[in-house]
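Enquirer: Encoded as structure tokens, here's the structure I'll be asking about.
The following block contains the structure:
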């Protein structure tokens, strides 16, 4: 067992465990903390792939921005108590059944498709440094310029929308 | 040029129909009537033009408009054929049609739906022209159905009276039975010859190879059933007397002069076919003779003036069918024409009487109208003499020809025909005596209002009476213009009657017979001054006659009742069963959607759950369906 | 440079992603708290992102990673708007229990 595989196994275990805990803890704040751990472990996977830039962006966006947003929301709503009423038993049973169902179906897909896993040949060429990523993203001919600009518009719109939605409506009330 | 004029001939009444049906109400009664009349007069002028042309050249004009139905080797074109026969028919259809339109302007003037009346009349003329001009059986069938429709509309013109509606329905249904026969005949002919075109049919049949006699007989029989429906022959004649519910001009135009002769036209048109089926010809002759006698006997005791004329029409049509069955087509045509003249005149005259008496049709309440209505009286007298077969009026010549032919071929039929014509003379003069002689038997108020009809009513009467008087000139024995004119139509040349002693004897017998009938009527109604009894007092055989041999009742018992029973059975059991199946589907869908509605419960959790399950199901299906992927 | 996939194998990543995704699905179905539902959705998104990166490495192609960027942008926008909606709902109903949000019923 190589070192890399050991690291993978540990990271995977952490990822799955923290994801499970996210769902199973009753306190939403704890869920958020577990989710942060989960995101960090996923960043670890990215690092394992040698995708440093992606790992950094991931940490900044998810652990930094999104989770802080969620924590703030939780705080605003004062939901840090463990007062959530459980769903009815039948629903929970349904959730478990569908969990098993979907996991089996998805695994069945991958088994069924029989992906031809060839030798992992490496050309040694640099394909994921920041420079290359930038070139691929903003290439004149085959780049993603339009999508990139749409993404920025999307973010802008989302920002305006979020402000508008969460603003207190004094005039109407 | 010919095409355009022919289209004018055809479409003028149709334009009149459109104008009257859409604009008639706002145009006012007089203009509406004028439009209707002019439309038919235009057609008449065109017919006259073509008639003169063809009388000179002798060449039929065939007009091809477009291919209508083309299926592999079966081709039906939409075209018209103007030959001797169709032009003759066109002439008297549009000619008498014009006179009757003119008459209607005055007769229908008090009716608030006069524009509708003229619209229907014009539509009728249009369809009649289509029927006559069609170059193949299918176009003839269009006209055939169209005139049936118009007949229905016009019989039920005063639709507020339920009896009239029933009469209209009866006419329509009876005609449908005949139409089915006609349709079957068309199918058989199409199946046998792969064509419905008259000219092609004639050529094929005259070439005469590989003709199956049974099929031809079947076609002939089916076509004859069609003809007997339209032309009111046994067993489908009962609609015609009831059809008198319509306004009198309608009775004159449709149910005496034109539409009811469509069957005769059709058989004459297809004479080459019937010539090959002697058995069918015999049937036609026998049915015609029996019809003429039966209808004449019923006519003896009817008290409704129009009913008498209606049975007289049936009887005369029977004589025409007798002639057709004997293969004497041109004589049948001759009688059609003379009959159209005097019967239209009689109907219009009776209309004039009815008009004067404010819609009184019962002859027991008439009488003595001779002095009040001299013109009506004289014209009707001429026509009555003509229909009775008094020398030298038109009816004498045509009826005599028929009887002569019958005598040469089958004395029995001659006896029946002669008997029918004696009875004709009797009931016609019974009608005349009861209506115009002796004292007036109606109410005082009616008596006070007695008057001669206006000129618009009497003018057509006079014209038709003149025609009824001199109409015989077109086919005098020995020197027959009509026979010569129609000669190209017939496959077998018809030998003219040799005028010998026998023929003069027959003429004398016929005349004496007619005089006998008149004499009996005179003795009974003038000398003894009898008036027909009230309905309840009629007894014996005359009660049977008065009730028309109970034919309607018999039909009711053997056809209508069983059909009603069957329909009731279907309604009560079959329909219920079918309905429960159909409603079952509805109920199932209803129940299903009612249960399905519960799925729509608004719970997001449940929706997501359903979404996941659905996704899994689709993916599983894809995996299972594409094992090989 | 030796690829990590030589030692780990792409299958393991696939199974990891599937497991993570299914945990997300489970969370969405299991919990009533709308914010936890959101977190579950984030887990699912991350499972997909992880697989993208794995395949990007497998194919030695940067486009997979570029797609992850877009996915992140969309996720960020989604969370921002979604949380704003939740705040509005909370303000109106005093709760963010999905079981209470039954107004979708016609």
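Chains as they are written, first to last, in my numbering: chain H, 112 to 284; chain B, 41 to 669; chain Y, 36 to 141.
Don't be surprised by glycine CBs; every beta carbon is placed ideally from N, CA and C.
Note that the structure is a prediction, hence the values are computed from the model and not measured.
In the segment 247–262 of chain H, which residues sit with their C-beta less than 8 Å from some C-beta in chain B, listed in chain order?
Expert: none
Enquirer: Would you mind reading off the limits of the beta strand (DSSP E) that contains residue 104(B)?
Expert: Working through the second chain from its first residue, we reach residue 104(B) at position 64. First-last of the beta strand (DSSP E) with residue 104(B): 101–111.
Enquirer: In whole angstroms, give me the CA-to-CA distance for residue 149(Y) and residue 185(H).
Expert: Here chain Y covers residues 36 to 141 and nothing more, so residue 149(Y) does not appear.
Enquirer: Contact check, residue 108(Y) vs residue 276(H) under 8 Å by CB: the rounded distance?
Expert: By 1-based counting over the third chain, the position of residue 108(Y) is 73. By 1-based counting over the first chain, the position of residue 276(H) is 165. About 19 Å separates the two Cβ atoms, so there is no contact after all.
Enquirer: Can you list, in chain order, the residues of its chain whose CB lies under 8 Å from that of residue 258(H), leaving out five sequence neighbours each side?
Expert: Counted from its first residue, the first chain places residue 258(H) at position 147. Taken in chain order, the list of residues that qualify is empty.
Enquirer: Can you tell me whether DSSP reads residue 260(H) as helix, strand or coil?
Expert: Walking along the first chain from the start, residue 260(H) turns up at place 149. Looking at residue 260(H) - three-state DSSP - the assignment turns out to be helix.
Enquirer: Does any residue of chain B bring its CB to less than 9 Å from the CB of residue 116(Y)?
Expert: By one-based count along the third chain, residue 116(Y) stands at place 81. Taking Cβ atoms only, chain B never reaches closer than 9 Å to residue 116(Y), which makes this a no.
Enquirer: Measuring only the C-alpha atoms, how far is residue 340(B) from residue 403(B)?
Expert: Here the question's residue 340(B) lines up with position 300 in the second chain. Here the question's residue 403(B) lines up with position 363 in the second chain. Answer to the nearest angstrom: the Cα atoms are 13 Å apart.
Enquirer: What does residue 660(B) touch in chain H if you count any residue whose Cβ is under 7 Å from its own?
Expert: Residue numbering aside, residue 660(B) sits at position 620 when the second chain is read from its first letter. Those are 216, listed as they occur along chain H.
Enquirer: So residue 215(B) is in the alpha helix (DSSP H); what residue range does that whole segment cover?
Expert: Numbered from its first residue, the second chain carries residue 215(B) at position 175. Unbroken alpha helix (DSSP H) run through residue 215(B): 202–233.
Enquirer: Starting from the beta carbon of residue 128(Y), find every residue of chain H whose beta carbon is closer than 7 Å, and list them in chain order.
Expert: As a first step, residue 128(Y) is located in the third chain; it is residue number 93 there, counting from the start. Those within 7 Å of residue 128(Y) in chain H number zero; the least Cβ separation is about 11 Å.
Enquirer: In whole angstroms, what separates the C-alpha of residue 157(B) from that of residue 283(B)?
Expert: For this step, residue 157(B) is matched to residue 117 along the second chain. For this step, residue 283(B) is matched to residue 243 along the second chain. Near 16 Å, if we compare the C-alpha coordinates of residue 283(B) and residue 157(B).
Enquirer: If you draw a straight line from the alpha carbon of residue 223(B) to that of residue 266(B), how long is it in whole angstroms?
Expert: Translated into the one-based positions of the second chain, residue 223(B) becomes position 183. Translated into the one-based positions of the second chain, residue 266(B) becomes position 226. In a straight line, the C-alpha of residue 223(B) is about 8 Å away from that of residue 266(B).
Enquirer: Tell me, please, which residues DSSP counts as bridged to residue 117(B).
Expert: Working through the second chain from its first residue, we reach residue 117(B) at position 77. Answer is 107(B).
Enquirer: From residue 147(B) to residue 391(B), what distance separates their C-alpha atoms?
Expert: Position 107 of the second chain holds residue 147(B). Position 351 of the second chain holds residue 391(B). Looking at the two C-alpha atoms, the distance is approximately 8 Å.
Enquirer: Could you work out which residues of chain H lie near residue 88(Y), taking near to mean beta carbons separated by less than 8 Å?
Expert: The count along the third chain starts at 1 and reaches residue 88(Y) at position 53. In chain order: 156, 157, 160, 162, 165.
Enquirer: Contact defined as beta carbons within less than 8 Å: I believe residue 145(B) pairs with residue 496(B). What is the distance between those atoms, to the nearest angstrom?
Expert: On the second chain, residue 145(B) is found 105 positions in, with the first residue counted as 1. On the second chain, residue 496(B) is found 456 positions in, with the first residue counted as 1. Right, their Cβ atoms sit about 6 Å apart.
Enquirer: By Cβ distance below 7 Å, which residues in the same chain neighbour residue 281(B) in space, the five residues on each side in sequence not counted?
Expert: Counting from one through the second chain, the residue named residue 281(B) turns up at place 241. So the list reads 347, 350, 351, once near-sequence residues are dropped.
Enquirer: When the distance is taken between beta carbons, is residue 262(B) closer than 9 Å to residue 225(B)?
Expert: What you label residue 225(B) is simply residue 185 of the second chain in a count that begins at 1. What you label residue 262(B) is simply residue 222 of the second chain in a count that begins at 1. Yes; because the gap between Cβ atoms is below 9 Å, this pair is in contact.
Enquirer: Taking DSSP as the reference, what is the three-state secondary structure of residue 540(B)?
Expert: Along the second chain, one-based indexing puts residue 540(B) at 500. Coil, per DSSP.
Enquirer: Beta carbons nearer than 7 Å to chain B: which residues of the segment 86–110 of chain Y have them?
Expert: none
Enquirer: Going by DSSP, what residues sit across from residue 56(B) in a beta bridge?
Expert: Against the second chain, residue 56(B) aligns to sequence position 16. Partner(s): none; residue 56(B) has no beta bridge.
Enquirer: Any beta-carbon of chain Y closer than 9 Å to the one on residue 200(H)?
Expert: For the purposes of this step, residue 200(H) is taken as the residue at position 89 of the first chain. No, residue 200(H) does not count as interfacial toward chain Y.
Enquirer: Just the chain B side, please: which residues come within less than 7 Å of residue 68(Y) by C-beta, in chain order?
Expert: By one-based count along the third chain, residue 68(Y) stands at place 33. Under the 7 Å cutoff, chain B gives no residues; its nearest Cβ is about 12 Å from residue 68(Y).
Enquirer: Pop quiz: residue 554(B) and residue 429(B) are said to be a contact at Cβ under 8 Å. What is the actual Cβ separation, rounded to whole angstroms?
Expert: As a working note, residue 554(B) is residue 514 in the second chain. As a working note, residue 429(B) is residue 389 in the second chain. That belief holds up - the Cβ atoms of residue 554(B) and residue 429(B) are roughly 5 Å apart, short of 8 Å.
Enquirer: Does residue 608(B) pass the burial test, meaning 16 or more other C-beta atoms within 10 Å, or should it be called exposed?
Expert: The residue you call residue 608(B) lines up with position 568 of the second chain. By the neighbour-count rule (16 or more Cβ atoms within 10 Å), residue 608(B) is not buried but exposed.
Enquirer: According to the neighbour-count rule (16 or more other Cβ atoms, all chains shown, within 10 Å of its Cβ), is residue 454(B) buried or exposed?
Expert: Sequence index remark: in the second chain, residue 454(B) carries index 414 (1-based). Residue 454(B) is buried by the Cβ-count criterion.
Enquirer: Let me make sure I understand the geometry here. Which of 94(Y), 119(Y), 103(Y) has the alpha-carbon closest to that of residue 279(H)?
Expert: Working through the first chain from its first residue, we reach residue 279(H) at position 168. Residue 279(H) has its Cα closest to that of 119(Y), out of 94(Y), 119(Y), 103(Y).
Enquirer: Taking only three categories from DSSP, how would you classify residue 553(B)?
Expert: The residue given as residue 553(B) occupies position 513 in the second chain. Residue state, collapsed to three classes: helix.
Enquirer: Compare the Cα-Cα distances from residue 127(B) to each of 141(B), 109(B), 95(B), 105(B) and report the closest residue.
Expert: To locate residue 127(B), count along the second chain from 1; it is residue 87. That would be 95(B), whose Cα lies nearest to the Cα of residue 127(B).
Enquirer: Anyone know if the C-beta pair for residue 108(B) and residue 210(B) falls short of 9 Å?
Expert: If you number the second chain from 1, residue 108(B) lands on position 68. If you number the second chain from 1, residue 210(B) lands on position 170. Contact flag unset, no.
Enquirer: Taking the alpha carbon of residue 240(B) as the point to measure from, which residue in 187(B), 252(B), 177(B) has its own alpha carbon closest?
Expert: Here residue 240(B) corresponds to residue number 200 of the second chain, with the count starting at 1. Selected option, being the one with the closest Cα: 177(B).
Enquirer: Got a sec? Which residues, its chain only, sit under 8 Å from residue 375(B) by beta carbon, not counting five neighbours each side?
Expert: Indexing the second chain from 1 puts residue 375(B) at position 335. Here the set comprises 356, 359, 360, 363, 438, 439, 441, 442.
Enquirer: Taking CB distances under 9 Å as the criterion, tell me whether residue 121(Y) reaches chain H.
Expert: Your numbering for residue 121(Y) matches position 86 in the third chain. Using a Cβ-Cβ cut-off of 9 Å, residue 121(Y) counts as an interface residue toward chain H, since at least one Cβ of chain H sits closer than that to its own.
Enquirer: Does residue 148(H) get closer than 9 Å to chain Y when you measure Cβ to Cβ?
Expert: Counting from one through the first chain, the residue named residue 148(H) turns up at place 37. No, no contact with chain Y.
Enquirer: Compare the C-alpha of residue 80(B) against each of 48(B), 273(B), 206(B), 399(B) and name the closest.
Expert: Locating residue 80(B) in the second chain gives position 40, counting from the first residue. Nearest of 48(B), 273(B), 206(B), 399(B) to residue 80(B), Cα basis: 48(B).
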